[in-house]
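> For the sequence shown, position 181 matches number 178 in the numbering used here, and the numbering has no gaps at all.
Ideal Cβ positions, reconstructed from N, Cα and C, are used throughout, including at glycine.
I'd like to ask you about the structure that follows.
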Amino acid sequence: MDKLVEQMQEAIIQGQVSEVTAMTNKALETMAPLDVVTKVVAPAMGRVGDLYSCGEFYVPEMLLAARAAKAALGIVKPMLAKGNVKPMATVVVGTVRGDLHDIGKNLVSMMLEGAGFQVVDLGIDVPPEKFIQAVLDNKADLMGMSALISTTMPQMGVTIKEMEKSGMRKQVKVIVGGAPVTDDYAKSIGADGFAPDAAQAVAISKRLLGLN
Ligand code: B12
């Protein structure tokens, strides 16, 4: 692995915000912004998850690493959104009720924006009624829900059921994602699509809306 990539991953894992900021700026002299996301930030946060799982990291360490990851993402975000064409469609995104994880959802938002979508990001801990209202207010073509915890994942299905009840489900395509989510799970709750990462989120969004 490239030495700088390795050092950046390590700095994210250790939560070193100023080092991450400096290294990201340096890396961008030679590295594509998207590579910072896919080759540095995503794998580093994956390793943070492993460290948490095996009891080496606790919540404070995860939080510090997340802050460092966000520092890198903050730098690349405007670059990913550059070269933007006119918005092709509107998408509402958010992390479901009870869930505070937003790094993956932010990556999906950024990539969709970069691909020319207008993104309405509702943030974290979003209840079903807020998703529904935002879709109606923005006449959204697509809605994306993110969930990172097995106990919050069912909120995606709850939201879809609420959309059906209020009679607006057919007006909008729904995609779901997040580390514990699978294609089968997405189908079982009645979502239209699933993607395991931000790049594929763009591809599936375009496909569902017939934009390819
Ligand atoms: C960082 C982190 C935190 C941070 C979050 C900071 C933030 N601002 O997001 C903090 C410290 C706050 C946190 C808190 C908690 N966390 Co946490 N956290 C993580 C960690 C390490 C990384 C998540 C991450 O950012 N990954 C990197 C991004 C890039 O990946 P991603 O989110 O999967 O997103 C990608 C894809 O999934 C997809 N995607 C994501 N969303 C969407 C949406 C759509 C529509 C689509 C199409 C695709 C898509 O595209 C993304 C980009 O490629 C994970 C471990 C892991 N491996 O996931 C644990 C993890 C999710 N956390 C976990 C836990 C248990 C918790 C806590 C309950 C801990 C506690 N005891 O308090 C709390 C819960 C708080 C809450 N109510 O939400 C567990 C969940 C276990 C489970 N089975 O449910 C995990 C898996 C850790 C573990 N191995 O045990 N956490």
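1) According to DSSP, simplified to helix, strand and coil, what is glutamine 197?
2) When you compare the CB positions of leucine 205 and leucine 119, do they come within less than 9 angstroms of one another, or not?
3) Would the C-beta of serine 50 count as close to the ligand B12, meaning under 8 angstroms from any of its heavy atoms?
4) Whole alpha helix (DSSP H) runs in the segment 136 to 200 with 4 or more residues, listed along the chain?
5) What do you get for serine 106, buried or exposed, if any count of 16 or more other CB atoms within 10 angstroms of its CB means buried?
6) Where does threonine 87 sit, in a helix, a strand or coil, going by DSSP?
7) Sorted by chain position, which residues of the same chain lie with C-beta nearer than 8 angstroms to glutamine 13's C-beta, five sequence neighbours on each side aside?
8) On the criterion of 16 or more Cβ atoms from any shown chain inside 10 Å, does valine 90 qualify as buried, or is it exposed?
9) Could you tell me if the beta carbon of glycine 71 falls within a distance shorter than 8 angstroms of some heavy atom in the ligand B12?
10) Is valine 56 buried or exposed, if buried means 16 or more other CB atoms sit within 10 Å of its CB?
11) For the segment 12 to 26 against the segment 182 to 194, are there 3 or more C-beta pairs whose distance is under 8 angstroms?
On the basis of the data shown:
1) Here residue 197 is taken as the residue at index 200 of the sequence shown, counted from 1. Here glutamine 197 sits in helix by DSSP.
2) For this step, residue 205 is matched to residue 208 along the sequence shown. For this step, residue 119 is matched to residue 122 along the sequence shown. Inclusion of leucine 205 and leucine 119 in the CB contact set at 9 angstroms is not warranted, their separation being larger than that value.
3) Looking up residue 50 in the sequence shown gives position 53. Within 8 angstroms of the C-beta of serine 50 there is at least one heavy atom belonging to the ligand B12.
4) The segment 136 to 200 contains these whole alpha helix (DSSP H) runs: 151 to 162 and 180 to 185.
5) Taking the sequence shown and counting its residues from 1, one reaches residue 106 at position 109. That one is buried.
6) Reading the sequence shown from its first residue, position 90 is the one you call residue 87. Under the three-state reduction of DSSP, threonine 87 is assigned to strand.
7) Within the sequence shown, numbered from 1, the residue matching residue 13 stands at position 16. Ala65.
8) Residue mapping note: residue 90 aligns to position 93 of the sequence shown, counting from 1. Residue burial annotation: valine 90 is buried, with at least 16 other C-beta atoms found within 10 angstroms of its C-beta.
9) Taking the sequence shown and counting its residues from 1, one reaches residue 71 at position 74. Result no, Cβ not under 8 angstroms from the ligand B12.
10) Indexing the sequence shown from 1 puts residue 56 at position 59. With fewer than 16 other Cβ atoms within 10 Å, it is exposed.
11) Fewer than three beta-carbon pairs drawn from the segment 12 to 26 and the segment 182 to 194 are found closer than 8 angstroms, and the two stretches are therefore not classed as touching.
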